[in-house]
Amino acid sequence: MDMHSMPPIVQYLLEKNWMGQGIHDLFVDLEHILSNTQFLLTAEANADRLRKFLDDGNLTTVVGYSLWLAFFTYAVDFLFTLIWNYTDIFLTAISLSLANMFKQFNKDLRMTAINVSNENTVSYWRKKRELYNKLSLFAKTVDDKISHLVLISFAVNLYFICIQLLHSIQPLTSLLRVAYFCGSFGHILFRTCSVCFAATSIYEHSKGSLSVLYSVPPEQFNSEDNALFYWRKKRELYNRLSQLAMSVEDKMSGLVLISFATNLYFICIQLLNSIQPLESFLRVAYFCGSFGHLLFRTISVCFAATSIYEHSKESLPILYSVPPEQFNREVQRLIHQMTSETLALTGCKFFTVTRSLMLTIAGTIVTYEVVLVQFSGKSDESAK
């Protein structure tokens, strides 16, 4: 799947990444403001609202309430909120950058391959193979460095999606609650989808040149020695790209695991909240916004990470189309490397971020929601 097969709005946001980041920043600020506002306004009428707003039940249970500690706790919470939000922006930017590198390689290959003369075919394809190998190594290096961020991003997004789903079952009694729920849930869905689409594009564009390689005409292949030299260069380039991608994955796998775990956790929390009645419009708005935000950010991370794997395979069609007179052991080795290696972000090797993982996550969420509905029905019957 390439960018042209994505929804138009997704294509636009990926191509205009600065606009997508600006929208994301706006949603981040709006979601945090609405969250604090609706919590402050829903404090008991006979209570000190400032204390109610700043009081952290878990912390004050242990050390007691104090104003300075409450402000410190709130400041730490605010900083972690910023880190959580801008981690997705960072992952999206990195994923789109890697995907664009493979996209440029594929575009150049499609435009120049048809004009290669028989005299220059060996040197041309050698340079292309070396370039792809460098891209592959770079992608592996990036994945090795940021895989732990990917994990954290997915885990946190899934966690907050679950939180919003849990809130969805509570009645939203005011317009502010409804506005917050809708904005927060939509925001988390948007950011999750953005990260997923951006990461997925890496894998997709890494495979974008396969059709060109498969269509190389016989007249562009010279003697076995020249063809061998050309394909050796291509294989070496892909090998460098592969090593880079693996290095990146090795460094980032922990982040990927944390991201997916936290995102799934918050999604489950929101699903749990969804079975509770929403008593006010504000609660409805908060649930919708928060849950939507969680889903979107989780999907975004998935697509962004998946693109690495997809683009790493885009050149296979070109290799499969090499005519018999140009086929040699270097072509065979390059095909074997592309088909046998899995250039993708992983969560500490527990899972690989591909499109199938998105289906697995979706199935897990649906199963969890069904179980919640069943238990909710049994609880209602017992209460009667």
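Using full-length UniProt numbering, read the sequence shown as starting at 1 and increasing by one per residue.
C-beta atoms are modelled at their ideal positions from N, C-alpha and C, and glycine is treated no differently.
Start-to-end residues for the alpha helix (DSSP H) that takes in residue i
i	result
Leu282	281-311
Cys196	175-206
Gln332	329-340
Leu316	316-320
Close Cβ partners of residue i (< 7 Å) along its chain, the five nearest in sequence each way excluded
i	result
Val156	Trp84, Ser259, Thr262, Asn263, Phe266
Pro171	Pro277, Leu278, Glu279, Ser280, Arg283
Leu175	Phe281, Leu282
Val331	Trp231, Leu319, Val322
Ile275	Ile169, Leu372, Val373, Ser376
Lys207	Glu310, His311, Ser312, Lys313, Glu314, Ser315, Leu316
Leu98	Ala139, Val142, Ile202, Ile308
Ala45	With a pLDDT of 44 at Ala45, under the threshold of 50, the modelled position of this residue cannot be trusted; read the value that follows with caution. Excluding residues within five positions, none has a Cβ falling inside 7 Å.
Beta-ladder partner(s) of residue i, from DSSP
i	result
residue 414	This structure cannot speak to residue 414, because the chain is shown only from 1 to 384.
Thr73	In the DSSP output, where bridge partners are listed per residue, Thr73 has none listed.
Thr346	Thr352
Sequence-distant residues of its chain with Cβ nearer than 6 Å to residue i (five each side left out)
i	result
residue 402	Residue 402 cannot be examined here, being either before or after the span of the chain that is shown, 1 to 384.
Leu189	Gly292, His293, Leu295, Phe296
Ala305	Val150, Ala199, Leu345, Val353
Leu244	Leu137, Phe138, Ala139, Lys140, Thr141
Val10	Its pLDDT being 42, under 50, Val10 is placed unreliably in this model, and the value from its coordinates should be taken loosely. Here the set comprises Phe197.
Gly355	Before going on, a small fix: residue 355 reads as Arg here, not Gly. Cβ neighbours of Arg355 beyond the five flanking positions: Thr306.
Thr339	none
Thr364	none
Asp88	Ser153, Arg191, Val195, Arg297
Thr92	Ser194, Val195, Ala198, Ala304
Cβ shell of residue i (< 8 Å), same chain only, five flanking positions each side left out
i	result
Glu236	Arg129, Glu130, Asn133
Cys196	Thr298, Ile299, Ser300, Val301, Cys302, Phe303, Ala304, Ala305, Thr306, Met358
Met111	none
Gly289	Glu31, Leu34, Gln164, Ala179, Tyr180, Phe181, Cys182, Gly183, Ser184, Phe185, Gly186, His187, Ile188
Residue i beta carbon near the ligand ADP (any heavy atom closer than 7 Å)
i	result
Lys251	Absent from the structure shown: the ligand ADP. Ligands present: none.
*asked:* Extract the residue ranges of the alpha helix (DSSP H) inside the stretch 240-272, only unbroken runs of 4 or more that lie entirely within it.
replied: Contiguous alpha helix (DSSP H) elements confined to the stretch 240-272 do not occur, taking only those with 4 or more residues.
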